[in-house]
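Working notes, structure below.
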Amino acid sequence: MDDTAAPRVPLLSTILQRSILLGAALAMLLFALPLGVAVEGLYRNQTAGDVARDAERARAELNDRVLEALREGTASGMTGVLPAPHSARVVLGVYSSSGALLLGEGPDRAEAVVREAARTLVETETVGRSGIVVAVPVPDDDGRRAFVVRASENSHEYVERTYAAWAAMAGIGLLVLLVVAAVARSRARRIARPLESLARAAEALGRGDFTVRAVRAGVAEVDAVSQNLERTARRLGGMLERERAFSSDASHQMRTPLTAVRIGLESALITPGADLRQAASDALVGLDRLEQTVLDLLELARDTGGTRTRADVAAVVADVASSWRPRLQALGRDVLVRFEQRPAFAAVSEPAMRTVLDVLLDNALVHGAGAVRVSVRGLEGAVLVDVSDEGGGVGGDLRRIWVRRSADAKGTGIGLSLARSLVEADGGRLELVRAVPATFAVLLPLGVPDERDEPGRPDDGRPGAAPSVSGPVRRRA
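Note that the numbering used here numbers the sequence shown so that position 255 is 831, with each residue one more than the last.
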(Lines of atoms letter the chains of each structure in order from A and count residues from 1; the text may use other names and numbers.)
(Lines give C-alpha, C1' and ligand atoms only; values in the text may rest on other atoms or scores of the structure.)
Protein backbone atom coordinates (compact mmCIF):
# COMPACT_ATOMS: atom_id res chain seq x y z
CA MET A 1 0.00 0.00 0.00
CA ASP A 2 1.36 3.45 -0.91
CA ASP A 3 1.83 5.48 2.26
CA THR A 4 2.41 8.63 0.23
CA ALA A 5 -1.05 8.56 -1.33
CA ALA A 6 -3.02 11.71 -0.69
CA PRO A 7 -5.92 11.38 1.77
CA ARG A 8 -9.33 11.14 0.28
CA VAL A 9 -10.92 14.57 0.05
CA PRO A 10 -14.65 14.68 0.87
CA LEU A 11 -17.09 15.77 -1.79
CA LEU A 12 -18.50 19.27 -1.75
CA SER A 13 -22.03 17.98 -1.12
CA THR A 14 -20.75 16.07 1.93
CA ILE A 15 -18.98 19.16 3.27
CA LEU A 16 -22.11 21.26 2.79
CA GLN A 17 -24.32 18.68 4.53
CA ARG A 18 -21.94 18.46 7.47
CA SER A 19 -21.72 22.24 7.72
CA ILE A 20 -25.50 22.68 7.70
CA LEU A 21 -26.00 19.90 10.26
CA LEU A 22 -23.24 21.26 12.48
CA GLY A 23 -24.73 24.74 12.34
CA ALA A 24 -28.21 23.45 13.16
CA ALA A 25 -26.92 21.28 16.02
CA LEU A 26 -24.93 24.17 17.47
CA ALA A 27 -27.94 26.51 17.27
CA MET A 28 -30.17 23.92 18.96
CA LEU A 29 -27.58 23.33 21.68
CA LEU A 30 -27.26 27.05 22.41
CA PHE A 31 -31.05 27.26 22.62
CA ALA A 32 -31.62 24.02 24.57
CA LEU A 33 -29.05 24.56 27.35
CA PRO A 34 -30.66 27.66 28.90
CA LEU A 35 -34.11 26.20 28.20
CA GLY A 36 -33.17 23.00 30.05
CA VAL A 37 -31.91 25.01 33.02
CA ALA A 38 -35.12 27.05 33.00
CA VAL A 39 -37.25 23.87 32.92
CA GLU A 40 -35.33 22.44 35.89
CA GLY A 41 -35.83 25.67 37.83
CA LEU A 42 -39.53 25.76 36.94
CA TYR A 43 -40.17 22.24 38.25
CA ARG A 44 -38.11 22.90 41.37
CA ASN A 45 -40.05 26.08 42.13
CA GLN A 46 -43.37 24.30 41.53
CA THR A 47 -42.39 21.57 43.97
CA ALA A 48 -41.18 24.10 46.54
CA GLY A 49 -44.48 25.97 46.22
CA ASP A 50 -46.50 22.79 46.80
CA VAL A 51 -44.40 21.90 49.86
CA ALA A 52 -44.78 25.45 51.22
CA ARG A 53 -48.56 25.24 50.88
CA ASP A 54 -48.57 21.95 52.80
CA ALA A 55 -46.58 23.62 55.58
CA GLU A 56 -48.98 26.59 55.66
CA ARG A 57 -51.99 24.28 55.97
CA ALA A 58 -50.29 22.40 58.77
CA ARG A 59 -49.59 25.64 60.65
CA ALA A 60 -53.24 26.61 60.30
CA GLU A 61 -54.24 23.34 61.98
CA LEU A 62 -52.20 24.06 65.12
CA ASN A 63 -54.89 25.31 67.50
CA ASP A 64 -54.48 26.35 71.10
CA ARG A 65 -54.92 22.82 72.43
CA VAL A 66 -52.16 21.50 70.22
CA LEU A 67 -49.87 24.42 71.03
CA GLU A 68 -50.43 23.85 74.76
CA ALA A 69 -49.54 20.19 74.35
CA LEU A 70 -46.42 21.25 72.48
CA ARG A 71 -45.40 23.52 75.35
CA GLU A 72 -45.92 20.77 77.89
CA GLY A 73 -44.15 18.19 75.69
CA THR A 74 -47.13 15.86 75.53
CA ALA A 75 -47.93 16.29 71.82
CA SER A 76 -45.87 13.32 70.59
CA GLY A 77 -48.76 10.96 71.09
CA MET A 78 -51.32 13.07 69.34
CA THR A 79 -52.57 11.80 65.94
CA GLY A 80 -54.62 13.37 63.14
CA VAL A 81 -53.49 16.83 64.06
CA LEU A 82 -51.50 17.58 60.91
CA PRO A 83 -53.38 17.56 57.57
CA ALA A 84 -52.53 15.10 54.80
CA PRO A 85 -50.02 16.65 52.35
CA HIS A 86 -50.58 16.85 48.61
CA SER A 87 -48.22 13.96 48.01
CA ALA A 88 -47.20 10.91 49.96
CA ARG A 89 -43.61 11.97 49.47
CA VAL A 90 -44.09 15.07 51.62
CA VAL A 91 -43.01 14.74 55.28
CA LEU A 92 -44.63 17.07 57.86
CA GLY A 93 -43.40 17.69 61.38
CA VAL A 94 -43.40 20.30 64.13
CA TYR A 95 -40.10 21.23 65.74
CA SER A 96 -39.00 23.31 68.68
CA SER A 97 -36.83 26.35 68.25
CA SER A 98 -33.82 24.22 69.12
CA GLY A 99 -34.58 21.80 66.27
CA ALA A 100 -36.08 18.89 68.26
CA LEU A 101 -38.98 16.91 66.73
CA LEU A 102 -42.16 17.45 68.76
CA LEU A 103 -44.95 16.23 66.48
CA GLY A 104 -45.32 14.42 63.15
CA GLU A 105 -42.53 12.93 61.05
CA GLY A 106 -39.04 13.97 60.13
CA PRO A 107 -35.49 13.70 61.39
CA ASP A 108 -34.97 13.87 65.17
CA ARG A 109 -32.77 16.91 64.77
CA ALA A 110 -33.84 19.40 62.13
CA GLU A 111 -31.59 21.22 59.70
CA ALA A 112 -30.21 24.67 60.32
CA VAL A 113 -32.97 26.15 58.15
CA VAL A 114 -35.51 25.21 60.85
CA ARG A 115 -33.52 26.89 63.62
CA GLU A 116 -33.05 29.92 61.36
CA ALA A 117 -36.82 30.22 60.81
CA ALA A 118 -37.43 29.98 64.60
CA ARG A 119 -34.88 32.72 65.25
CA THR A 120 -36.00 35.15 62.52
CA LEU A 121 -39.69 34.22 62.50
CA VAL A 122 -39.50 34.28 58.67
CA GLU A 123 -40.55 31.44 56.42
CA THR A 124 -37.41 29.83 54.96
CA GLU A 125 -36.77 27.19 52.34
CA THR A 126 -33.72 25.41 51.06
CA VAL A 127 -32.73 22.67 48.65
CA GLY A 128 -30.32 20.19 50.17
CA ARG A 129 -29.39 16.54 50.17
CA SER A 130 -32.75 15.61 51.61
CA GLY A 131 -34.53 17.53 48.91
CA ILE A 132 -36.66 20.62 49.34
CA VAL A 133 -37.19 21.76 52.95
CA VAL A 134 -39.63 24.54 53.92
CA ALA A 135 -39.70 25.89 57.48
CA VAL A 136 -42.74 27.96 58.60
CA PRO A 137 -42.46 29.57 62.07
CA VAL A 138 -45.35 29.46 64.60
CA PRO A 139 -44.58 32.14 67.21
CA ASP A 140 -45.73 31.71 70.81
CA ASP A 141 -47.99 34.18 72.47
CA ASP A 142 -45.17 35.76 74.45
CA GLY A 143 -43.06 36.16 71.28
CA ARG A 144 -40.00 34.72 73.00
CA ARG A 145 -40.22 31.19 71.70
CA ALA A 146 -41.56 29.67 68.53
CA PHE A 147 -42.37 26.35 67.06
CA VAL A 148 -41.57 25.55 63.45
CA VAL A 149 -43.59 23.50 60.96
CA ARG A 150 -41.16 21.61 58.76
CA ALA A 151 -42.29 20.24 55.39
CA SER A 152 -39.91 18.38 53.10
CA GLU A 153 -39.99 16.40 49.90
CA ASN A 154 -37.12 14.58 48.29
CA SER A 155 -35.93 15.79 44.90
CA HIS A 156 -36.89 12.66 42.99
CA GLU A 157 -40.23 14.00 41.80
CA TYR A 158 -39.09 17.23 40.21
CA VAL A 159 -35.90 15.60 38.99
CA GLU A 160 -37.94 12.92 37.24
CA ARG A 161 -40.15 15.57 35.71
CA THR A 162 -37.05 17.50 34.62
CA TYR A 163 -35.51 14.41 33.03
CA ALA A 164 -38.77 13.65 31.24
CA ALA A 165 -38.87 17.21 29.85
CA TRP A 166 -35.23 16.97 28.79
CA ALA A 167 -35.92 13.67 27.05
CA ALA A 168 -38.86 15.22 25.20
CA MET A 169 -36.67 18.15 24.17
CA ALA A 170 -33.97 15.76 22.98
CA GLY A 171 -36.52 13.81 20.95
CA ILE A 172 -37.82 16.98 19.33
CA GLY A 173 -34.25 18.08 18.66
CA LEU A 174 -33.42 14.75 17.03
CA LEU A 175 -36.52 15.02 14.86
CA VAL A 176 -35.53 18.56 13.86
CA LEU A 177 -32.01 17.35 13.01
CA LEU A 178 -33.45 14.60 10.82
CA VAL A 179 -35.54 17.17 8.95
CA VAL A 180 -32.52 19.48 8.65
CA ALA A 181 -30.43 16.56 7.37
CA ALA A 182 -32.97 15.83 4.65
CA VAL A 183 -33.16 19.49 3.64
CA ALA A 184 -29.36 19.81 3.81
CA ARG A 185 -28.93 16.79 1.58
CA SER A 186 -31.28 18.24 -1.02
CA ARG A 187 -29.81 21.75 -0.92
CA ALA A 188 -26.22 20.50 -0.86
CA ARG A 189 -26.82 18.40 -3.95
CA ARG A 190 -28.44 21.33 -5.73
CA ILE A 191 -25.51 23.60 -4.89
CA ALA A 192 -22.86 20.98 -5.65
CA ARG A 193 -24.41 19.75 -8.93
CA PRO A 194 -23.35 22.75 -11.06
CA LEU A 195 -19.89 22.71 -9.48
CA GLU A 196 -19.56 19.02 -10.27
CA SER A 197 -20.60 19.77 -13.85
CA LEU A 198 -18.03 22.57 -13.87
CA ALA A 199 -15.35 20.15 -12.64
CA ARG A 200 -16.27 17.66 -15.38
CA ALA A 201 -16.12 20.44 -17.97
CA ALA A 202 -12.68 21.49 -16.72
CA GLU A 203 -11.55 17.86 -16.86
CA ALA A 204 -12.85 17.55 -20.42
CA LEU A 205 -11.06 20.78 -21.31
CA GLY A 206 -7.86 19.32 -19.90
CA ARG A 207 -8.32 16.28 -22.17
CA GLY A 208 -8.56 18.56 -25.19
CA ASP A 209 -12.35 18.76 -25.57
CA PHE A 210 -13.01 22.41 -26.42
CA THR A 211 -16.78 21.96 -26.90
CA VAL A 212 -17.58 22.57 -23.22
CA ARG A 213 -20.36 25.05 -22.62
CA ALA A 214 -21.36 27.18 -19.65
CA VAL A 215 -23.56 25.67 -16.93
CA ARG A 216 -26.38 27.94 -15.80
CA ALA A 217 -26.71 27.34 -12.04
CA GLY A 218 -28.49 30.51 -10.93
CA VAL A 219 -25.52 31.32 -8.65
CA ALA A 220 -23.63 34.42 -9.73
CA GLU A 221 -20.16 33.15 -8.84
CA VAL A 222 -20.68 29.72 -10.42
CA ASP A 223 -22.17 31.25 -13.58
CA ALA A 224 -19.22 33.65 -13.86
CA VAL A 225 -16.67 30.83 -13.56
CA SER A 226 -18.63 28.70 -16.02
CA GLN A 227 -18.82 31.48 -18.61
CA ASN A 228 -15.11 32.21 -18.22
CA LEU A 229 -14.38 28.51 -18.70
CA GLU A 230 -16.50 28.46 -21.86
CA ARG A 231 -14.69 31.52 -23.20
CA THR A 232 -11.37 29.89 -22.39
CA ALA A 233 -12.43 26.70 -24.17
CA ARG A 234 -13.51 28.64 -27.25
CA ARG A 235 -10.28 30.62 -27.27
CA LEU A 236 -8.10 27.52 -26.79
CA GLY A 237 -10.10 25.71 -29.46
CA GLY A 238 -9.60 28.60 -31.84
CA MET A 239 -5.89 28.72 -31.07
CA LEU A 240 -5.50 24.99 -31.64
CA GLU A 241 -7.55 25.15 -34.82
CA ARG A 242 -5.39 27.97 -36.13
CA GLU A 243 -2.25 26.00 -35.25
CA ARG A 244 -3.56 22.99 -37.13
CA ALA A 245 -4.65 25.08 -40.11
CA PHE A 246 -1.41 27.07 -40.25
CA SER A 247 0.25 24.94 -42.93
CA SER A 248 -2.69 25.16 -45.33
CA ASP A 249 -3.27 28.86 -44.54
CA ALA A 250 0.42 29.64 -45.02
CA SER A 251 0.59 27.83 -48.34
CA HIS A 252 -2.57 29.60 -49.50
CA GLN A 253 -1.33 33.05 -48.51
CA MET A 254 2.19 32.50 -49.91
CA ARG A 255 1.02 31.05 -53.23
CA THR A 256 0.25 34.37 -54.90
CA PRO A 257 3.40 36.28 -53.75
CA LEU A 258 5.60 33.36 -54.74
CA THR A 259 3.90 33.15 -58.12
CA ALA A 260 4.36 36.88 -58.66
CA VAL A 261 8.08 36.70 -57.81
CA ARG A 262 8.56 33.67 -60.05
CA ILE A 263 6.74 35.25 -63.00
CA GLY A 264 8.70 38.48 -62.60
CA LEU A 265 12.06 36.72 -62.57
CA GLU A 266 11.16 34.37 -65.44
CA SER A 267 9.90 37.32 -67.47
CA ALA A 268 13.15 39.20 -66.92
CA LEU A 269 15.19 36.16 -67.95
CA ILE A 270 13.33 35.47 -71.20
CA THR A 271 12.83 39.10 -72.25
CA PRO A 272 15.74 40.49 -74.31
CA GLY A 273 17.11 43.73 -72.92
CA ALA A 274 15.11 43.45 -69.68
CA ASP A 275 16.24 45.53 -66.73
CA LEU A 276 17.57 42.78 -64.46
CA ARG A 277 18.29 45.27 -61.67
CA GLN A 278 14.66 46.40 -61.62
CA ALA A 279 13.52 42.74 -61.77
CA ALA A 280 15.73 41.93 -58.77
CA SER A 281 14.40 44.97 -56.92
CA ASP A 282 10.80 43.92 -57.64
CA ALA A 283 11.65 40.39 -56.49
CA LEU A 284 13.02 41.77 -53.20
CA VAL A 285 9.83 43.73 -52.70
CA GLY A 286 7.82 40.56 -53.28
CA LEU A 287 10.05 38.60 -50.88
CA ASP A 288 9.62 41.32 -48.25
CA ARG A 289 5.88 40.96 -48.65
CA LEU A 290 6.17 37.20 -48.44
CA GLU A 291 8.28 37.43 -45.28
CA GLN A 292 5.74 39.76 -43.68
CA THR A 293 2.94 37.37 -44.65
CA VAL A 294 4.73 34.47 -42.93
CA LEU A 295 5.32 36.56 -39.78
CA ASP A 296 1.67 37.65 -39.74
CA LEU A 297 0.46 34.06 -40.08
CA LEU A 298 2.79 32.87 -37.31
CA GLU A 299 1.56 35.61 -35.00
CA LEU A 300 -2.07 34.85 -35.76
CA ALA A 301 -1.57 31.08 -35.41
CA ARG A 302 0.07 31.50 -32.00
CA ASP A 303 -2.46 34.13 -30.94
CA THR A 304 0.31 36.15 -29.35
CA GLY A 305 -0.85 39.53 -30.56
CA GLY A 306 1.45 42.46 -31.06
CA THR A 307 2.40 45.29 -28.79
CA ARG A 308 -0.65 47.14 -30.15
CA THR A 309 -4.13 45.76 -30.13
CA ARG A 310 -5.41 48.06 -32.88
CA ALA A 311 -4.54 49.00 -36.44
CA ASP A 312 -4.37 52.22 -38.45
CA VAL A 313 -7.05 51.46 -41.02
CA ALA A 314 -5.96 53.98 -43.62
CA ALA A 315 -2.30 53.02 -43.44
CA VAL A 316 -2.98 49.28 -43.67
CA VAL A 317 -5.43 49.68 -46.58
CA ALA A 318 -3.00 51.94 -48.44
CA ASP A 319 -0.12 49.53 -47.84
CA VAL A 320 -2.01 46.44 -48.99
CA ALA A 321 -3.51 48.23 -52.00
CA SER A 322 -0.06 49.42 -53.08
CA SER A 323 1.35 45.90 -52.90
CA TRP A 324 -1.47 44.52 -55.08
CA ARG A 325 -1.51 47.33 -57.67
CA PRO A 326 1.38 45.98 -59.81
CA ARG A 327 -0.20 42.53 -60.12
CA LEU A 328 -3.54 44.00 -61.13
CA GLN A 329 -1.99 46.49 -63.53
CA ALA A 330 -0.08 43.65 -65.20
CA LEU A 331 -3.52 42.31 -66.18
CA GLY A 332 -4.80 45.69 -67.32
CA ARG A 333 -6.73 46.25 -64.09
CA ASP A 334 -6.28 48.60 -61.16
CA VAL A 335 -7.13 49.00 -57.48
CA LEU A 336 -8.93 52.19 -56.43
CA VAL A 337 -9.07 53.28 -52.79
CA ARG A 338 -11.59 55.79 -51.48
CA PHE A 339 -11.79 57.22 -47.98
CA GLU A 340 -15.27 58.66 -47.42
CA GLN A 341 -14.43 59.59 -43.84
CA ARG A 342 -10.98 58.79 -42.62
CA PRO A 343 -11.05 56.70 -39.41
CA ALA A 344 -7.92 56.59 -37.29
CA PHE A 345 -7.85 53.16 -35.65
CA ALA A 346 -9.83 49.92 -35.54
CA ALA A 347 -9.72 47.54 -32.58
CA VAL A 348 -8.19 44.73 -34.64
CA SER A 349 -4.69 43.31 -34.89
CA GLU A 350 -2.74 44.67 -37.84
CA PRO A 351 -1.57 41.20 -39.05
CA ALA A 352 -5.16 39.99 -39.12
CA MET A 353 -6.34 43.04 -41.07
CA ARG A 354 -3.54 42.71 -43.64
CA THR A 355 -4.29 39.00 -44.08
CA VAL A 356 -8.02 39.65 -44.55
CA LEU A 357 -7.38 42.35 -47.15
CA ASP A 358 -4.89 40.08 -48.94
CA VAL A 359 -7.52 37.34 -49.13
CA LEU A 360 -10.21 39.68 -50.49
CA LEU A 361 -7.91 41.29 -53.09
CA ASP A 362 -6.57 37.89 -54.15
CA ASN A 363 -10.16 36.69 -54.50
CA ALA A 364 -10.94 39.73 -56.70
CA LEU A 365 -7.77 39.12 -58.73
CA VAL A 366 -8.47 35.44 -59.41
CA HIS A 367 -12.26 35.33 -59.66
CA GLY A 368 -13.20 38.91 -60.52
CA ALA A 369 -12.71 41.34 -63.38
CA GLY A 370 -12.20 45.05 -63.97
CA ALA A 371 -11.08 47.53 -61.36
CA VAL A 372 -11.04 46.55 -57.69
CA ARG A 373 -12.54 49.19 -55.43
CA VAL A 374 -11.73 49.48 -51.73
CA SER A 375 -13.94 51.90 -49.80
CA VAL A 376 -13.23 52.89 -46.18
CA ARG A 377 -15.61 54.91 -44.06
CA GLY A 378 -16.16 55.51 -40.39
CA LEU A 379 -19.43 54.67 -38.71
CA GLU A 380 -20.66 55.25 -35.18
CA GLY A 381 -18.38 53.03 -33.12
CA ALA A 382 -17.12 51.03 -36.12
CA VAL A 383 -15.07 51.12 -39.30
CA LEU A 384 -16.45 49.70 -42.57
CA VAL A 385 -14.19 48.47 -45.38
CA ASP A 386 -15.86 47.44 -48.69
CA VAL A 387 -13.98 45.44 -51.35
CA SER A 388 -15.67 44.97 -54.75
CA ASP A 389 -14.79 44.33 -58.40
CA GLU A 390 -16.57 44.42 -61.77
CA GLY A 391 -16.73 40.68 -62.42
CA GLY A 392 -19.63 38.29 -62.81
CA GLY A 393 -20.12 37.97 -59.05
CA VAL A 394 -20.80 34.94 -56.89
CA GLY A 395 -23.27 32.24 -57.92
CA GLY A 396 -24.78 29.18 -56.28
CA ASP A 397 -25.37 28.79 -52.57
CA LEU A 398 -23.83 31.91 -51.04
CA ARG A 399 -23.42 30.20 -47.66
CA ARG A 400 -21.02 27.65 -49.15
CA ILE A 401 -18.34 30.25 -49.87
CA TRP A 402 -17.59 30.45 -46.13
CA VAL A 403 -17.19 26.68 -45.70
CA ARG A 404 -13.55 25.66 -45.41
CA ARG A 405 -12.48 23.41 -48.30
CA SER A 406 -16.01 23.36 -49.67
CA ALA A 407 -16.63 21.04 -52.62
CA ASP A 408 -18.22 24.00 -54.45
CA ALA A 409 -15.12 26.18 -54.10
CA LYS A 410 -13.46 27.30 -57.34
CA GLY A 411 -10.08 27.59 -55.62
CA THR A 412 -8.61 26.05 -52.50
CA GLY A 413 -11.66 26.86 -50.39
CA ILE A 414 -9.47 28.29 -47.62
CA GLY A 415 -9.16 32.06 -48.10
CA LEU A 416 -12.64 33.35 -47.26
CA SER A 417 -13.01 30.94 -44.34
CA LEU A 418 -9.67 32.09 -42.96
CA ALA A 419 -10.56 35.76 -43.42
CA ARG A 420 -13.91 35.43 -41.66
CA SER A 421 -12.37 33.55 -38.71
CA LEU A 422 -9.73 36.25 -38.27
CA VAL A 423 -12.25 39.09 -38.38
CA GLU A 424 -14.61 37.36 -35.93
CA ALA A 425 -11.70 36.60 -33.57
CA ASP A 426 -11.22 40.37 -33.17
CA GLY A 427 -14.92 41.04 -32.67
CA GLY A 428 -15.71 42.11 -36.23
CA ARG A 429 -17.80 40.74 -39.11
CA LEU A 430 -17.13 39.78 -42.71
CA GLU A 431 -20.15 39.44 -45.01
CA LEU A 432 -20.95 39.22 -48.71
CA VAL A 433 -23.29 42.20 -49.04
CA ARG A 434 -23.83 41.91 -52.81
CA ALA A 435 -23.45 38.87 -55.04
CA VAL A 436 -23.25 40.68 -58.44
CA PRO A 437 -20.87 42.37 -58.64
CA ALA A 438 -19.22 40.65 -55.67
CA THR A 439 -18.92 43.09 -52.76
CA PHE A 440 -17.49 42.05 -49.41
CA ALA A 441 -17.89 44.23 -46.31
CA VAL A 442 -15.55 44.10 -43.30
CA LEU A 443 -17.04 45.69 -40.19
CA LEU A 444 -14.46 46.40 -37.48
CA PRO A 445 -14.94 47.85 -33.98
CA LEU A 446 -13.55 51.35 -33.64
CA GLY A 447 -10.37 51.79 -31.56
CA VAL A 448 -9.21 54.83 -29.62
CA PRO A 449 -5.70 56.33 -29.96
CA ASP A 450 -3.49 56.44 -26.87
CA GLU A 451 -0.41 58.33 -25.70
CA ARG A 452 1.89 56.26 -27.92
CA ASP A 453 0.45 57.89 -31.03
CA GLU A 454 2.28 60.90 -32.36
CA PRO A 455 0.28 64.12 -31.89
CA GLY A 456 -0.80 65.98 -34.95
CA ARG A 457 -0.74 62.96 -37.25
CA PRO A 458 -2.96 63.27 -40.34
CA ASP A 459 -4.78 60.06 -39.29
CA ASP A 460 -5.99 61.34 -35.95
CA GLY A 461 -9.60 60.43 -36.64
CA ARG A 462 -10.66 63.66 -38.36
CA PRO A 463 -11.80 63.66 -41.96
CA GLY A 464 -8.95 64.62 -44.20
CA ALA A 465 -6.88 63.69 -47.20
CA ALA A 466 -6.20 60.02 -47.67
CA PRO A 467 -2.62 58.83 -47.77
CA SER A 468 -1.04 58.14 -51.09
CA VAL A 469 -1.79 54.67 -52.38
CA SER A 470 0.29 54.84 -55.54
CA GLY A 471 3.34 52.67 -55.95
CA PRO A 472 4.51 49.63 -54.03
CA VAL A 473 5.39 49.87 -50.35
CA ARG A 474 8.38 47.89 -49.11
CA ARG A 475 8.39 46.56 -45.55
CA ARG A 476 11.22 44.85 -43.76
CA ALA A 477 10.26 42.62 -40.79
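For glycine and all other residues, C-beta sits at the position ideal for the given N, C-alpha and C.
If you drop the 5 nearest sequence neighbours on each side, which residues of the same chain put their C-beta closer than 7 Å to that of Thr880?
Confidence at Thr880 is low in this model, with a pLDDT of 46, below 50, so its placement is unreliable and no value can be given for it.
By the 10 Å Cβ neighbour count, where 16 or more other Cβ atoms means buried, how is Leu592 classified, buried or exposed?
Buried.
Compare the beta carbon distance of Ala928 and Leu1022 with 8 Å and say whether it is the shorter of the two.
no
Coarse secondary structure for Gly612, derived from DSSP in three states:
helix
Between the alpha carbons of Arg548 and Pro683, how many angstroms are there, rounded?
Given a span of 577 to 1053 for the chain in the structure shown, any question on residue 548 remains unanswerable.
Do the stretch 619-634 and the stretch 595-609 meet, that is, are 3 or more Cβ pairs less than 8 Å apart?
no
Using the Cα positions of Arg620 and Tyr671, report the straight-line distance between them to the nearest angstrom.
25 Å
Grouping DSSP H, G and I as helix and E and B as strand, with all else coil, what is Arg783?
coil
Which residue marks the beginning of the beta strand (DSSP E) containing Leu1060, and which one marks its end?
The structure shown has nothing for residue 1060, since the chain only spans 577 to 1053.
What's the gap between the Cα of Ile708 and the Cα of Arg761?
49 Å
Identify whether Ser951 lies in helix, strand or coil by the three-state DSSP scheme.
strand
Report the CB separation of Val759 from Arg635 in whole angstroms; it is logged as a contact under 8 Å.
Not a contact, Cβ separation roughly 58 Å.
Per-residue DSSP class, three states only, for Gly1040:
Any reading at Gly1040 is ruled out, since the residue's pLDDT is 38, under 50, leaving its predicted position unreliable.
Hey, Ala923 and Asp799 are a contact pair by Cβ (cut 8 Å); roughly how many whole angstroms apart?
27 Å between Cβ atoms; not a contact.
Report the start-end ranges of each beta strand (DSSP E) in the stretch 893-961 that is 3 residues or longer and not cut off at the edges.
Taken in chain order, the complete beta strand (DSSP E) segments of 3 or more residues contained in the stretch 893-961 are 911-917, 948-955.
Mind the definition here: the stretch 661-679 touches the stretch 738-751 only if three or more C-beta pairs lie below 8 Å; say whether that holds.
no
Glu644, buried or exposed, once every other Cβ within 10 Å from all chains shown has been counted against 16:
exposed
By how many angstroms is the C-alpha of Arg807 removed from the C-alpha of Ala743?
57 Å
Coil, strand or helix - Arg886 by DSSP:
When secondary structure is reduced to three states using DSSP, Arg886 falls in the coil class, being assigned neither helix nor strand.
Is Ala850 helix, strand or coil when you go by DSSP?
Ala850: coil per DSSP, three-state reduction.
How about Val893 and Arg901: are their beta carbons less than 8 Å apart?
Not a contact, by the Cβ cut-off of 8 Å.
Give the secondary structure of Pro770 by DSSP, where H, G and I count as helix, E and B as strand, and everything else as coil.
helix
My guess is that Leu904 and Leu941 are in contact by the Cβ rule of under 8 Å, so how many angstroms apart are they, rounded?
6 Å
Measuring CA to CA, which of Val837, Pro586, Phe921, Glu1000 is closest to Leu955?
Phe921
Taking Asn730 as the reference, give the member of Leu974, Leu750, Leu668 with the closest Cα.
Leu668
Got a sec: is the Cβ-Cβ distance from Ala856 to anything in chain B below 8 Å?
Among the chains of the structure shown, chain B does not appear; only one protein chain is present.
Since Val714 is in the beta strand (DSSP E), which residue starts that stretch and which ends it?
707-715
Cut-off 7 Å between Cβ atoms - residues of its own chain near Thr623, not counting five sequence neighbours on either side
Ile708, Glu729, Glu733, Tyr734, listed in sequence order.
Unbroken beta strand (DSSP E) run spanning Gly991, endpoints:
Where Gly991 is concerned, there is no enclosing beta strand (DSSP E), although the alpha helix (DSSP H) around it starts and stops at 991-1001.
Go to Glu729, then tell me how far its beta strand (DSSP E) extends in each direction, as first and last residue.
Where Glu729 is concerned, the enclosing beta strand (DSSP E) stretches over 722-729.
Terminal residues of the alpha helix (DSSP H) in which Val689 lies
Annotation for Val689: the continuous alpha helix (DSSP H) segment containing it runs 688-696.
Once the 5 residues before and after Leu781 are set aside, which same chain residues still bring their CB inside 8 Å of it?
Val788, Leu805, Thr808, Ala809, Leu812
Option in Ile839, Arg949, Arg953 with minimal Cα separation from Thr1015
Arg949
For Val752 and Ile596, what's the separation of their Cα atoms in angstroms?
Going by the C-alpha atoms only, they are around 12 Å apart.
Can you have a look at Leu845 and say buried or exposed, based on whether 16 or more other CB atoms are within 10 angstroms of its CB?
exposed
Less than 8 Å between C-beta atoms, sequence neighbours within five positions excluded: which residues of the same chain meet that for Gly625?
Contacts found: none.
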